[in-house]
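Student: Heads up: the protein sequence lines correspond to chains A, B and C, in order. Per this note's numbering, residue 675 is the first one in the first sequence, and the count goes up by one each step. Per this note's numbering, residue 11 is the first one in the second sequence, and the count goes up by one each step. Per this note's numbering, residue 132 is the first one in the third sequence, and the count goes up by one each step. Using N, Cα and C, we set each Cβ at its ideal position, and we do this for glycine too. As the structure is a computational prediction, the values presented were derived from the model and not from experiment. Input: one structure, supplied below.
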Amino acid sequence: MEVLLAIIIGILYAAGVYMILRRSLVKLIIGIILLGNGANLLIFLLGRITEGAPPIIPEDSSVFTEAYADPVPQALILTAIVISFGLQSFAIILVKRAHKVVKTDDLDEMNATDEDS
Amino acid sequence: MKTLILKTASAYLLPVLLVFSVFILLRGHYLPGGGFVGGLIAAIAFVLHAFANGLKNTKGLLQFHPGFLMPVGLGLAFLSGLAPVLGFDDPFMTGLWLPYDVPVLGSVGSALFFDIGVYFVVIGVTLTIIFTISESA
Amino acid sequence: MTQQIILYPLLLQLLLAILLMFFWNKIKAQRVISMVGSAIHLVVSIVVFAYIWNNGTQTLQAGSWEAPFGITFIADTFAITMVLLTSIAGFAVSVFSAGSVISGRLKFGYFPIYHFLLLGLTGAFLTGDIFNLYVWFEIIIISSFVLITIGGEKAQLEGAVKYFTLNFLASMIFLTAIAVLYGLTGSLNMADLANKVAAVENRALVEITAILFLIGFGIKSALFPLYYWLPASYHTPPSAVSAIFGGLLTKVGVYALIRVFTLIFVEDVFLDQILLVLAIFTLFSGALGALVQNNIRKIFSYLIISHIGYMIIGLGMYTEVAIAGGVFYLIHDIMIKTNLFMVSGLIYRIKGSNSMRALGGFYANYPKLSLLIFIPLFSLIGIPPLSGFWPKISLITATFNSESYWSLAAIIFASFLTLVVIAKLWAEVFWKDAQEIPERPRFRYFHKVKNIKRVEMVVPIIFLSLVTLYIGFGAEHVQTLSARIASELMDSQQYIDAVLNNSQITE
């Protein structure tokens, strides 16, 4: 399981960076999403995977009696997911507006900021 | 997208999903669930309604701009965090709990109000984003 | 209540942001609330600063969860100084925004988001938890994305795409670094991490994590090979936005670098060498970039990059004198860069252009304003006794002590290039004969707006210039402050004890 996850994370990071490096704005968003998911999975993997022991205390007791999964990575991932949700939706709107105003989705043609003014 | 089946179904699904979202919100403290998930479900209810009946009708149903829910929710969450500071001189966001259980809700504390705040913020943010995207499309 | 005093600046900023959201469509009310709120925030910050100065480092465990497990807020002298500077710059820019930003932009929620930005900055300085730092960083960048795109002009959107992509990448690298660090140590509390990272046996992995942090924060603070987003975006939004960005956004990256590399990854000679080399290149490339620009806001953008080098050189040499110099430069730079972008906004409102070729005759037409603008411009170069001079003395002394003559050469050469750039700017904008710039219809020129607006544009510049003058002429006080900060940073045990032992006392 760990090895599989590690490979998937590697693929997600590589694909994400590759997509960010493409010239199209839409592919930029795809890259951002892939990279975000890769980072979330990495937290999940590095928080140590524990099988079948959710960190929920049974109703008839008040403390854990057996080994349980670390709940912190899930909290971190949830936070990171919420943040990347916000960022990605902002990115989509930004790209839409940019496409409307600049009338291109080619990043190489977006050079108004480098003009001498 | 105008299909009769979805339109009819969404009329019933909207209240059901909203009640379900409140249920998820309330069970969230010790069990899976909580304000964020509940808020998303409530937002999905409205999005589904918008799919079936058009954006205009959903907006008419809401009566106010969903963005207004953001400051309301943030304010609620902020006050629930501030309550221990003002009332008991405990650090910010310390959980305050009623000594007895309230029927239906279970134990009630400042964490519940924080979660309700999150619930409103999530509905507000999600609906604002989706309405903005679909309006400019 | 006194134990929680360190959170008051944070809570006040949050309250302001929420309050402003209720007045979403009422711009006039927003202006007043923002200005009054920022003034109160300034007072609160001064009170908290005085409290920390007298009583030493204070900590607070949010939600009463004990230290290594919950989120810790800690205000040592460094953090609270940064909060104070944030509130000073925040107040100035708030007033300047009310005067200079057109209401077409303000109605898209400019002020609420501006205060969320300040909230993020205050939080980032006060937190003692590495993941919480990430969250504050995200609040900062999301707010900054909105601020940079408000208005939606072509150049703005293009700049925003670049700004967004690279800052997002920085956040992801930062998050990756946190993930690896959590995998290594199982902790997120920075004081706890300091202990645990020192005990990790796999030093290679620690080094890699440190490099990941360096890249993440390096992009945010515009270090040498990672700064290209900055000159592509900082000149596009309204000057008020550029002012707060230029003054504080890159500096929060520098703050994080200093915090992480003095607390968690310490005594790593290789890393210090990398930092020195990067700092030297940053100094050169920023200054050389500024030399060839024509738009004055682009010149200031490149000068931001160049002067980041001074702070990083202080960190790279890693001696108490050097860090004190770097911190002093940080204090001076926040005030100066905020002020300079406001000055560029004022020039833009007066003349309708920011191009050096088109501008001219400023001194003949506006002698008093020119005299005012003289202060930040020449403090930036570091003409004694103005404020830029004193930190450079500390830095140069430190280079002699650690015999790193390349850094010495870089510091002096970059100062010289800054002098050339500013002298050129002064000659072109202020002394050259005025040219006729065709009047733009429907442009809100300085001489056309109401008196109150003019006051709102000029007063913040006067205010920050006075602060700069104080930093220059009262350098002894600021030097004492930065020396105390440096000694606290070098002796990280004090920080660790404050976080970890305090939690046992409170229970």
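Is there a C-beta anywhere in chain C that falls below 8 Å from the one on phenylalanine 759 of chain A?
Tutor: For the purposes of this step, residue 759 of chain A is taken as the residue at position 85 of the first sequence. So, not an interface residue.
Student: Which chain B residues are close to alanine 193 of chain C, counting only those with a beta carbon under 9 Å from its beta carbon?
Tutor: Taking the third sequence and counting its residues from 1, the one referred to as residue 193 of chain C is at position 62. Gly91, Pro101, Phe102, Met103, Thr104, listed in chain order.
Student: Assign threonine 203 of chain C to one of three DSSP states: helix, strand, or coil.
Tutor: Sequence index remark: in the third sequence, residue 203 of chain C carries index 72 (1-based). In the structure shown, threonine 203 of chain C sits in a strand (DSSP, three-state: E or B).
Student: Are valine 746 of chain A and glycine 721 of chain A closer than 8 Å when you measure CB to CB?
Tutor: Locating residue 746 of chain A in the first sequence gives position 72, where the first residue counts as 1. Locating residue 721 of chain A in the first sequence gives position 47, where the first residue counts as 1. Yes, the pair counts as a contact, with Cβ atoms nearer than the cut-off.
Student: What are the complete alpha helix (DSSP H) segments, minimum 4 residues, inside the segment 512-544 of chain C?
Tutor: Listed in chain order, they are 520-532.
Student: Is the beta carbon of alanine 455 of chain C less than 8 Å from the beta carbon of serine 352 of chain C?
Tutor: Indexing the third sequence from 1 puts residue 455 of chain C at position 324. Indexing the third sequence from 1 puts residue 352 of chain C at position 221. Cβ distance not < 8 Å, so alanine 455 of chain C and serine 352 of chain C don't count as in contact.
Student: To which residues of the same chain is asparagine 485 of chain C closer than 8 Å at the C-beta, ignoring the five residues directly before and after it?
Tutor: Counting from 1 along the third sequence, the entry for residue 485 of chain C is found at position 354. Correct list, in chain order: His366, Asn426, Ile427, Arg428, Ser475, Ile478, Tyr479.
Student: Please list, in chain order, the chain A residues whose beta carbon lies closer than 9 Å to that of serine 146 of chain B.
Tutor: Position 136 of the second sequence holds residue 146 of chain B. Ile767, Lys770, Arg771, Lys774, listed in chain order.
Student: Rounded to the nearest angstrom, how far is the Cβ of phenylalanine 520 of chain C from that of isoleucine 514 of chain C, given a contact under 8 Å?
Tutor: Residue 520 of chain C sits at position 389 when you count from the first residue of the third sequence. Residue 514 of chain C sits at position 383 when you count from the first residue of the third sequence. The Cβ separation is near 7 Å, so the contact holds.
Student: Following the continuous beta strand (DSSP E) through leucine 191 of chain C, name the residue where it begins and the one where it ends.
Tutor: For the purposes of this step, residue 191 of chain C is taken as residue 60 along the third sequence, with counting starting at 1. First-last of the beta strand (DSSP E) with leucine 191 of chain C: 189-192.
Student: If you drop the 5 nearest sequence neighbours on each side, which residues of the same chain put their C-beta closer than 6 Å to that of glycine 447 of chain C?
Tutor: Here residue 447 of chain C corresponds to residue number 316 of the third sequence, with the count starting at 1. Excluding residues within five positions, the ones whose Cβ falls inside 6 Å are Asp403, Leu406, Leu407, Ala410.
Student: DSSP state of tryptophan 107 of chain B, grouped into three classes?
Tutor: Position 97 of the second sequence, counted from the start, is the residue given in the question as residue 107 of chain B. Of the three classes helix, strand and coil, the one that applies to tryptophan 107 of chain B here is strand, per DSSP.
Student: Excluding the 5 residues flanking alanine 291 of chain C on each side, which residues of the same chain have their C-beta closer than 8 Å to its C-beta?
Tutor: To locate residue 291 of chain C, count along the third sequence from 1; it is residue 160. Closer than 8 Å at the Cβ level, and outside the excluded window around alanine 291 of chain C, lie Phe276, Ile279, Thr280, Ser364, Thr367.
Student: Is the CB of proline 81 of chain B under 8 Å away from at least one CB in chain C?
Tutor: As a position in the second sequence, residue 81 of chain B is number 71, starting the count at 1. Taking Cβ atoms only, chain C reaches closer than 8 Å to proline 81 of chain B, which makes this a yes.
Student: Identify the contact partners of valine 135 of chain B in chain C, using a Cβ-Cβ distance below 8 Å as the criterion.
Tutor: Working through the second sequence from its first residue, we reach residue 135 of chain B at position 125. None at all; the shortest Cβ gap to chain C is about 11 Å.
Student: Whose C-beta lies closer than 6 Å to the C-beta of alanine 545 of chain C among residues of the same chain, with five residues either side of it excluded?
Tutor: The residue given as residue 545 of chain C occupies position 414 in the third sequence. Counting only Cβ-Cβ distances below 6 Å, and skipping sequence neighbours, we find Leu414, Ala418, Ser437.
Student: Between C:Ile593, C:Gly254, C:Tyr626, which has its C-alpha nearest phenylalanine 222 of chain C's C-alpha?
Tutor: Your numbering for residue 222 of chain C matches position 91 in the third sequence. When each option's Cα is compared against that of phenylalanine 222 of chain C, the closest is C:Ile593.
Student: Between tyrosine 313 of chain C and chain A, is there a C-beta pair that is closer than 8 Å?
Tutor: Residue mapping note: residue 313 of chain C aligns to position 182 of the third sequence, counting from 1. Closer than 8 Å to some Cβ of chain A, the Cβ of tyrosine 313 of chain C qualifies, so yes.
Student: Work out the CA separation of histidine 59 of chain B and lysine 66 of chain B for me, nearest whole Å.
Tutor: Locating residue 66 of chain B in the second sequence gives position 56, counting from the first residue. Locating residue 59 of chain B in the second sequence gives position 49, counting from the first residue. Approximately 10 Å between the Cα atoms of the pair.
Student: Can you name the residues of chain D whose CB is closer than 8 Å to the CB of glycine 283 of chain C?
Tutor: Protein chains A, B and C are contained in the structure displayed, whereas chain D is not.
Student: Is it buried or exposed, histidine 463 of chain C, if we count other Cβ atoms within 10 angstroms and call 16 or more buried?
Tutor: Residue 463 of chain C sits at position 332 when you count from the first residue of the third sequence. Answer is buried; the Cβ neighbour count reaches 16.
Student: Quick check: the Cα distance between alanine 181 of chain C and isoleucine 137 of chain C, rounded to an integer number of angstroms?
Tutor: Taking the third sequence and counting its residues from 1, the one referred to as residue 181 of chain C is at position 50. Taking the third sequence and counting its residues from 1, the one referred to as residue 137 of chain C is at position 6. Each residue's alpha carbon lies about 11 Å from the other.
Student: How far does the alpha helix (DSSP H) with serine 763 of chain A in it extend, from its first residue to its last?
Tutor: Position 89 of the first sequence, counted from the first residue, corresponds to residue 763 of chain A. Looking at the DSSP string, the run of the alpha helix (DSSP H) that includes serine 763 of chain A is 746-776.
Student: For leucine 503 of chain C, which of C:Asn532, C:Met473, C:Thr190, C:Pro516 has the nearest alpha-carbon?
Tutor: Taking the first residue of the third sequence as 1, we reach residue 503 of chain C at position 372. With distances taken between Cα atoms, leucine 503 of chain C lies closest to C:Met473.
Student: One question on the structure: do threonine 307 of chain C and leucine 252 of chain C come within less than 8 Å of each other, judged by their Cβ atoms?
Tutor: Indexing the third sequence from 1 puts residue 307 of chain C at position 176. Indexing the third sequence from 1 puts residue 252 of chain C at position 121. No; because the gap between Cβ atoms is not below 8 Å, this pair is not in contact.
Student: How is the alpha helix (DSSP H) around tyrosine 365 of chain C delimited, first residue to last?
Tutor: For the purposes of this step, residue 365 of chain C is identified with residue 234 of the third sequence, where counting begins at 1. Premise fails: tyrosine 365 of chain C is in no alpha helix (DSSP H) and is neither H nor E.
Student: Do the segment 290-305 of chain C and the segment 777-790 of chain A meet, that is, are 3 or more Cβ pairs less than 8 Å apart?
Tutor: Cβ pair count under 8 Å is three or more, so yes.
Student: Can you pull out the residues from the segment 304-337 of chain C whose beta carbon lies closer than 7 Å to at least one beta carbon of chain A?
Tutor: So the close ones are Leu306, Thr307, Ala310, Val311, Tyr313, Gly314.
Student: I believe serine 165 of chain C touches alanine 229 of chain C by the beta-carbon criterion, under 8 Å. Please report the beta-carbon distance rounded to the nearest angstrom.
Tutor: Taking the first residue of the third sequence as 1, we reach residue 165 of chain C at position 34. Taking the first residue of the third sequence as 1, we reach residue 229 of chain C at position 98. Between alanine 229 of chain C and serine 165 of chain C the Cβ distance is about 7 Å, and since that is below 8 Å, they are a contact.
Student: Based on Cα-Cα distance, which residue from C:Ile435, C:Glu559, C:Phe493, C:Leu264 lies nearest to leucine 379 of chain C?
Tutor: One-based indexing of the third sequence puts residue 379 of chain C at position 248. Selected option, being the one with the closest Cα: C:Ile435.
Student: State the start and end residues of the unbroken alpha helix (DSSP H) segment that holds tryptophan 267 of chain C.
Tutor: Taking the third sequence and counting its residues from 1, one reaches residue 267 of chain C at position 136. 261-280 is the span of the alpha helix (DSSP H), which, as asked, contains tryptophan 267 of chain C.
Student: Enumerate in chain order the residues of its own chain whose CB-to-CB distance from threonine 469 of chain C is below 8 Å, with the five nearest sequence positions on each side excluded.
Tutor: For this step, residue 469 of chain C is matched to residue 338 along the third sequence. Hits under 8 Å: Ala220, Ala223, Val224, Ala374, Ile375, Gly377, Gly378, Leu379, Leu595.
Student: State buried or exposed for arginine 696 of chain A, treating a residue as buried only when at least 16 other CB atoms are found within 10 Å of its CB.
Tutor: Along the first sequence, one-based indexing puts residue 696 of chain A at 22. Classification of arginine 696 of chain A: exposed, given that the 10 Å Cβ count is below 16.
Student: To which residues does DSSP link asparagine 320 of chain C through a beta bridge?
Tutor: Position 189 of the third sequence holds residue 320 of chain C. According to DSSP, asparagine 320 of chain C bridges with C:Asp260.
Student: Looking only at C-alpha atoms, which of C:Gly420, C:Met321, C:Ile350 sits nearest to isoleucine 395 of chain C?
Tutor: Locating residue 395 of chain C in the third sequence gives position 264, counting from the first residue. Out of C:Gly420, C:Met321, C:Ile350, C:Met321 has the C-alpha closest to the C-alpha of isoleucine 395 of chain C.
Student: Which residues mark the beginning and the end of the alpha helix (DSSP H) in which glycine 168 of chain C is found?
Tutor: Here residue 168 of chain C corresponds to residue number 37 of the third sequence, with the count starting at 1. Here the alpha helix (DSSP H) through glycine 168 of chain C covers 158-186.
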